[in-house]
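> Protein sequence lines, in the order shown, are assigned to chains A and B.
What the first sequence shows, in this note's numbering, is residues 1 to 410, in sequence order.
What the second sequence shows, in this note's numbering, is residues 1001 to 1410, in sequence order.
Take a look at the following structure, please.
Number of protein chains: 2
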Amino acid sequence: MSIIVRQDDVRRQNQFGVLMALRRGGAMSRTDLSAVTGLSASTVTVITNSLLERGALVAHSIGETTSQRRGRPQVRLSPNPAHATVAVIVLGLNTIQATVADYAGNALGSLFERTPTKHLDAESFNNAITSTLKRLLDMQEPGFGPLSGIIVGTEGIVDIDGNTLLSSPATDATDVPLGPALEAAFGVHVEVYNESNMIAEALHWKAPARYGSDFATVLLSTGVGMGLYLNGKLFSGVRTSAVEFGHVCHEPNGALCRCGRRGCIEAYAGGYGIWRAAHGEDPLSVTEDDPEDTAMAELAARARAGDGPERQAFRAAGKAIGTGLRNLFTIFDPIPLVFAGQGAAVLDLMMESLEEAMTKPVFGLPVTVSVIDSYLDYRALIREGGLMRGLVYLDQTMPAVGDVREKVLA
Amino acid sequence: MSIIVRQDDVRRQNQFGVLMALRRGGAMSRTDLSAVTGLSASTVTVITNSLLERGALVAHSIGETTSQRRGRPQVRLSPNPAHATVAVIVLGLNTIQATVADYAGNALGSLFERTPTKHLDAESFNNAITSTLKRLLDMQEPGFGPLSGIIVGTEGIVDIDGNTLLSSPATDATDVPLGPALEAAFGVHVEVYNESNMIAEALHWKAPARYGSDFATVLLSTGVGMGLYLNGKLFSGVRTSAVEFGHVCHEPNGALCRCGRRGCIEAYAGGYGIWRAAHGEDPLSVTEDDPEDTAMAELAARARAGDGPERQAFRAAGKAIGTGLRNLFTIFDPIPLVFAGQGAAVLDLMMESLEEAMTKPVFGLPVTVSVIDSYLDYRALIREGGLMRGLVYLDQTMPAVGDVREKVLA
DNA sequence: CTACTTTTTTCGAACCTCGAAATAAAGAGG
DNA sequence: CCTCTTTATTTCGAGGTTCGAAAAAAGTAG
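Following this line, the structure appears as structure tokens:
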């Protein structure tokens, strides 16, 4: 059904536009906002005054700007840090990291805990996360804004509503109602996302010029994940977070993957896949243990030293990823690429075979990928992406209560 | 950049909503429109009267409804056939089919021509299509509405703006500026689409309950095409029509495809791929000739008669398609499927291996596909989809000129 | 012919955005 | 110190939009 638009929707959308302009462009004056958003100066005045009155924005007092220009000085506006607080939780294998940040996006505090979450049942798993966040909140100094939202970033498959953790390496439990559990405990809106999606979200905010409308992030870690931005929006599955790039089939009847199927990209390019191939182990055997980062570094060193099974293992990984990317690009055209995670440190060993597999022309149209970046600290990216997602959620759902004049008259 | 909303946009959007409700639900009264769209009765009155005045709608005079109910009889409204005319052109290998239809979607006339377009240069190719449409328009009786838009559906790769035919089996020429050529010749808006996208569009309109938000169409013909509806919208590539499902890699280093690469799904499931495998021909040899429909029917008959290379060839085709679908479903979750084209007639020979490859569970989540339909006459679907796309374009771009009262007062 | 029922239109209220004009708040210059 | 100039912001009226309530229209029932 095509959606009907009301009067309020106009105001809400434009108010959101103003807030987004400030998030993107940093503090700016009403005049700047008018130029950036395309709204008239009078409309910007009405909207910003309404937001100021409700405490969502703050005006930077004079002197801070030191304009030295001729006319009336600009009053720069920006999100009011004290207006709200967002919590971001990043889950790993037996690790929980919680962070709180203010409405302006400044981190207020962080807590990293190692907890054996892997073998907990769903309820205990939720409780562990809840208590970590509780501890963090108790540590905060009084006076910070009210907690307004929680974003969780995790490996695994999440339902499309951001409520349920359907399946994740972080826990053996399935269909974990993490969203509702946190919502019940803290009384605020909660969204659970796949970590790769948050990496994409983070890059979109860090470098909008480069990662504006269309790009893909490939997370090379134990598994192989992907975040996709298409047409300026985060792409997700129909019912789940999906984009399980690591489980796209590379070789039918190929090496065994942890998911139980054969030939997945992850079975060649995941940490354990590379390790297995480098050591000449049976491609149909899978262990639960992940190779240590240091062990992988040694493997990479040996591969760089000279040809041999180690180098071949990395080459095979590159080929699997490259083939997968080419297939994806066959579906929606080539887009800029970003690699993140520890695997990005050994990209040099994979790049040749990756590019060879990826760039084979389709119908004479060569596949060209313009941007290939890499980021090692993917945890930080997940956190940043989650934070921005949380802030944008608040901006988007901020009610569009009436004009200022109304209250003045009353 | 987040988009700012103006006053006019509200009206345009709601006017579009009214027109869409009529296209979807057929002729209905203002009261029904109010219920379906969610707009108030007064707003519906204003919008419909404006559309009536401009000739976009007609009121069905009394008597037609024969309500026999108590109160004031409803006045049913529907798109005015004479308001506009849309032309749909379906291109095939050395064939051009042009159809014109009125604003209500009724076909007015059609012309099918066999023309050797394959070896024409770009300009001659455009001219051939232009002259076919000119002939068809000349054949029409006077009094039909003005030509308002042209939609072209074709095999091959089209740029995202619907202007340029980048590469197509219909012609050896590449980067054919078909859109601008037709626009220059007829002075109306032109959009060029991939045929599979139009098949998806057609099904979306034929059975919105079944094919509403998310589904995929697989076109089994000489090649293997796909149309995708995701989140209620036609999915396309970033720069081109894309979704070149047939050229997703099934077997690295596998059979040779016409695109020059190896192991594409089409190399196994396209008409020539099945033929080649059934006859034990070299999988690295490709011919330009396509097997005749009758020859393929014989092949299917032999495959149904008993096991042998023919049956194995169809099984291999099913496996290639099934694997490709599973990979796609790994990216965006399983969705209902529709098969179209001659290949849909031999689906029975492929279905077993197709389902086996497709439904292997990912991380314990079984892949289930609820709806699997098939349509043989895909040309008709392309035509219908193109027509609806053209009509919706007209609805969407209809200006939102002012209130009725204004003119009454003047 | 009158009462009732349902559909459609009319009308005023409440908003929203916009452009023009007015106002505010500096620096520049005498 | 006062006035002029310049730039930013606010005020105000106009025009457009949707909505709810009330009125009008156009039938059927009896």
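All C-beta atoms, glycine included, are put in the ideal place defined by N, C-alpha and C.
Roughly how many angstroms lie between the CA atoms of glutamate 281 of chain A and alanine 170 of chain A, to the nearest whole one?
Locating residue 281 of chain A in the first sequence gives position 281, where the first residue counts as 1. Locating residue 170 of chain A in the first sequence gives position 170, where the first residue counts as 1. Rounded to whole angstroms, glutamate 281 of chain A to alanine 170 of chain A spans 26 angstroms at the Cα level.
> Please list, in chain order, the chain A residues whose beta carbon lies closer than 8 angstroms to that of histidine 1204 of chain B.
Position 204 of the second sequence, counted from the start, is the residue given in the question as residue 1204 of chain B. Under the 8 angstroms cutoff, chain A gives no residues; its nearest Cβ is about 13 angstroms from histidine 1204 of chain B.
> Indicate whether threonine 1330 of chain B and histidine 83 of chain A have their beta-carbon atoms separated by less than 8 angstroms.
For this step, residue 1330 of chain B is matched to residue 330 along the second sequence. For this step, residue 83 of chain A is matched to residue 83 along the first sequence. Contact flag unset, no.
> Near leucine 1230 of chain B, which residues of its chain fall below 6 angstroms by C-beta distance, leaving aside the five closest residues on each side in sequence?
In the second sequence, the residue the question calls residue 1230 of chain B occupies position 230. The residues are Asp1214.
> At least one CB of chain A closer than 8 angstroms to the CB of asparagine 1080 of chain B: is that the case?
Against the second sequence, residue 1080 of chain B aligns to sequence position 80. For asparagine 1080 of chain B, the answer is no, since every Cβ of chain A falls outside 8 angstroms of its Cβ.
> Of all Cβ atoms in chain A, is any one closer than 8 angstroms to the Cβ of arginine 1326 of chain B?
The sequence position of residue 1326 of chain B within the second sequence is 326, counting from 1. Chain A, which has a Cβ nearer than 8 angstroms to the Cβ of arginine 1326 of chain B, makes this yes.
> Would you kindly check if the distance between the Cβ of aspartate 293 of chain A and the Cβ of glutamine 342 of chain A is under 8 angstroms?
Position 342 of the first sequence, counting from 1, holds the residue named residue 342 of chain A. Position 293 of the first sequence, counting from 1, holds the residue named residue 293 of chain A. Yes, the pair counts as a contact, with Cβ atoms nearer than the cut-off.
> Using a Cβ-Cβ distance under 8 angstroms, would isoleucine 1331 of chain B count as near chain A?
Here residue 1331 of chain B refers to the residue found at position 331 of the second sequence. It does; some Cβ of chain A falls within 8 angstroms.
> Using a Cβ cut-off of 8 angstroms, pull out every chain A residue sitting near valine 1248 of chain B, in sequence order please.
Position 248 of the second sequence, counted from the start, is the residue given in the question as residue 1248 of chain B. The answer, in chain order, is Asn327, Thr330 and Ile331.
> Quick one: any contact between the stretch 1203 to 1210 of chain B and the stretch 1161 to 1177 of chain B, if contact means 3 or more CB pairs under 8 angstroms?
The answer is no - the stretch 1161 to 1177 of chain B does not touch the stretch 1203 to 1210 of chain B, with fewer than three Cβ pairs under 8 angstroms.
> Assign glutamine 1097 of chain B to one of two classes, buried (16 or more other C-beta atoms within 10 Å of its C-beta) or exposed (fewer than that).
The residue labelled residue 1097 of chain B in the question sits at position 97 within the second sequence. Answer is buried; the Cβ neighbour count reaches 16.
> Of the choices A:Ile4, A:Asp9, A:Ile3 and A:Val5, whose alpha-carbon is the least far from that of threonine 397 of chain A?
By one-based count along the first sequence, residue 397 of chain A stands at place 397. Checking every option, the nearest Cα to that of threonine 397 of chain A belongs to A:Asp9.
> Give me the residue from A:Val158, A:Gly187 and A:Leu182 with the minimum Cα distance to threonine 174 of chain A.
By 1-based counting over the first sequence, the position of residue 174 of chain A is 174. Of the candidates A:Val158, A:Gly187 and A:Leu182, the one whose C-alpha sits nearest the C-alpha of threonine 174 of chain A is A:Val158.
> Apply the 10 Å Cβ neighbour rule to valine 1401 of chain B and answer buried if 16 or more other Cβ atoms are within range, or exposed otherwise.
To locate residue 1401 of chain B, count along the second sequence from 1; it is residue 401. Burial call: exposed.
> What does glutamine 1013 of chain B reach in chain A if we use C-beta pairs closer than 9 angstroms?
In the second sequence, residue 1013 of chain B corresponds to position 13, counting from 1. Under the 9 angstroms cutoff, chain A gives Ser2, Ile3, Ile4 and Val5.
> Any contact between the stretch 85 to 96 of chain A and the stretch 377 to 384 of chain A? By contact I mean 3 or more CB pairs, one from each, below 8 angstroms.
These segments touch.
> Tell me the rounded alpha-carbon separation between proline 142 of chain A and leucine 108 of chain A.
For the purposes of this step, residue 142 of chain A is taken as residue 142 along the first sequence, with counting starting at 1. For the purposes of this step, residue 108 of chain A is taken as residue 108 along the first sequence, with counting starting at 1. Rounded to whole angstroms, proline 142 of chain A to leucine 108 of chain A spans 12 angstroms at the Cα level.
> According to DSSP, simplified to helix, strand and coil, what is asparagine 14 of chain A?
Walking along the first sequence from the start, residue 14 of chain A turns up at place 14. Looking at asparagine 14 of chain A - three-state DSSP - the assignment turns out to be helix.
> Quick check: serine 1236 of chain B and isoleucine 1335 of chain B, are their CB atoms within less than 8 angstroms of each other?
To locate residue 1236 of chain B, count along the second sequence from 1; it is residue 236. To locate residue 1335 of chain B, count along the second sequence from 1; it is residue 335. No, the Cβ-Cβ distance between serine 1236 of chain B and isoleucine 1335 of chain B is not below 8 angstroms.
> At which residues does the beta strand (DSSP E) containing threonine 1085 of chain B begin and terminate?
Here residue 1085 of chain B corresponds to residue number 85 of the second sequence, with the count starting at 1. Where threonine 1085 of chain B is concerned, the enclosing beta strand (DSSP E) stretches over 1085 to 1092.
> Excluding the five sequence neighbours on either side, which residues of its own chain have a C-beta within less than 6 angstroms of the C-beta of threonine 1151 of chain B, listed in chain order?
In the second sequence, the residue the question calls residue 1151 of chain B occupies position 151. For the record, residue 1151 of chain B in the displayed sequence is isoleucine; it is not threonine. Same-chain partners within the cutoff: Val1088, Glu1191, Gly1386, Arg1389 and Gly1390.
> Give the straight-line distance between the Cα atoms of glycine 4 of chain A and phenylalanine 1016 of chain B, rounded to the nearest whole angstrom.
One-based indexing of the first sequence puts residue 4 of chain A at position 4. One-based indexing of the second sequence puts residue 1016 of chain B at position 16. Correcting the residue identity first, residue 4 of chain A is isoleucine in this sequence and not glycine. Taking the straight line from one Cα to the other gives about 9 angstroms.
> Go ahead and pull the three-state DSSP assignment for glutamate 356 of chain A.
Counting from 1 along the first sequence, the entry for residue 356 of chain A is found at position 356. Looking at glutamate 356 of chain A - three-state DSSP - the assignment turns out to be helix.
> Put threonine 117 of chain A into one of helix, strand or coil per three-state DSSP.
Along the first sequence, one-based indexing puts residue 117 of chain A at 117. In this structure, threonine 117 of chain A counts as coil in the three-state DSSP scheme.
> Using a Cβ cut-off of 8 angstroms, pull out every chain A residue sitting near glycine 1237 of chain B, in sequence order please.
Here the question's residue 1237 of chain B lines up with position 237 in the second sequence. Correct list: Ile331, Phe332 and Asp333.
> If we require 4 or more residues per run, which alpha helix (DSSP H) segments fall completely within the stretch 95 to 153 of chain A?
Complete alpha helix (DSSP H) runs here, min 4: 122 to 139.
> Mind listing which residues of the stretch 1250 to 1274 of chain B have their C-beta closer than 8 angstroms to chain A's C-betas, in chain order?
Per Cβ criterion, the list reads His1250, Glu1251, Pro1252, Cys1259, Gly1260 and Arg1261.
> Decide if arginine 1405 of chain B is buried, meaning its Cβ has at least 16 other Cβ atoms within 10 Å, or exposed.
The residue labelled residue 1405 of chain B in the question sits at position 405 within the second sequence. The pLDDT assigned to arginine 1405 of chain B is 39, lower than 50, so where the model puts this residue is not dependable; a value taken from the coordinates is nonetheless given after this. Exposed.
> May I ask you to verify whether the stretch 1294 to 1301 of chain B touches the stretch 1179 to 1191 of chain B, counting CB pairs closer than 8 angstroms and requiring at least 3?
The answer is no - the stretch 1179 to 1191 of chain B does not touch the stretch 1294 to 1301 of chain B, with fewer than three Cβ pairs under 8 angstroms.
> In chain A, what lies closer than 9 angstroms to valine 1046 of chain B by C-beta?
On the second sequence, position 46 is the one that residue 1046 of chain B refers to. Those within 9 angstroms of valine 1046 of chain B in chain A number zero; the least Cβ separation is about 14 angstroms.
> Residues of the stretch 1208 to 1242 of chain B with a CB closer than 7 angstroms to any CB of chain A: list them in chain order, please.
Correct list: Asp1214, Leu1230, Gly1237, Val1238, Arg1239, Thr1240 and Ala1242.
> Using a Cβ-Cβ cut-off of less than 7 angstroms, list which residues of the stretch 15 to 38 of chain A approach chain B; keep chain order.
Residues passing the 7 angstroms Cβ filter: Phe16, Gly17, Met20, Thr37 and Gly38.
> The beta strand (DSSP E) spanning valine 1218 of chain B covers which residue range?
Start at 1 with the first residue of the second sequence, and residue 1218 of chain B comes out as number 218. Looking at the DSSP string, the run of the beta strand (DSSP E) that includes valine 1218 of chain B is 1215 to 1220.
> So which residues on chain A does valine 1188 of chain B lean against when the C-beta distance must stay under 7 angstroms?
To locate residue 1188 of chain B, count along the second sequence from 1; it is residue 188. None at all; the shortest Cβ gap to chain A is about 24 angstroms.
> Report yes if the C-beta distance between arginine 30 of chain A and valine 44 of chain A is below 8 angstroms; otherwise report no.
Within the first sequence, numbered from 1, the residue matching residue 30 of chain A stands at position 30. Within the first sequence, numbered from 1, the residue matching residue 44 of chain A stands at position 44. Yes, the pair counts as a contact, with Cβ atoms nearer than the cut-off.
> Once you ignore the five residues that flank arginine 1258 of chain B on each side, which residues in its own chain have a CB closer than 6 angstroms to its CB?
Along the second sequence, one-based indexing puts residue 1258 of chain B at 258. Hits under 6 angstroms: Val1286.
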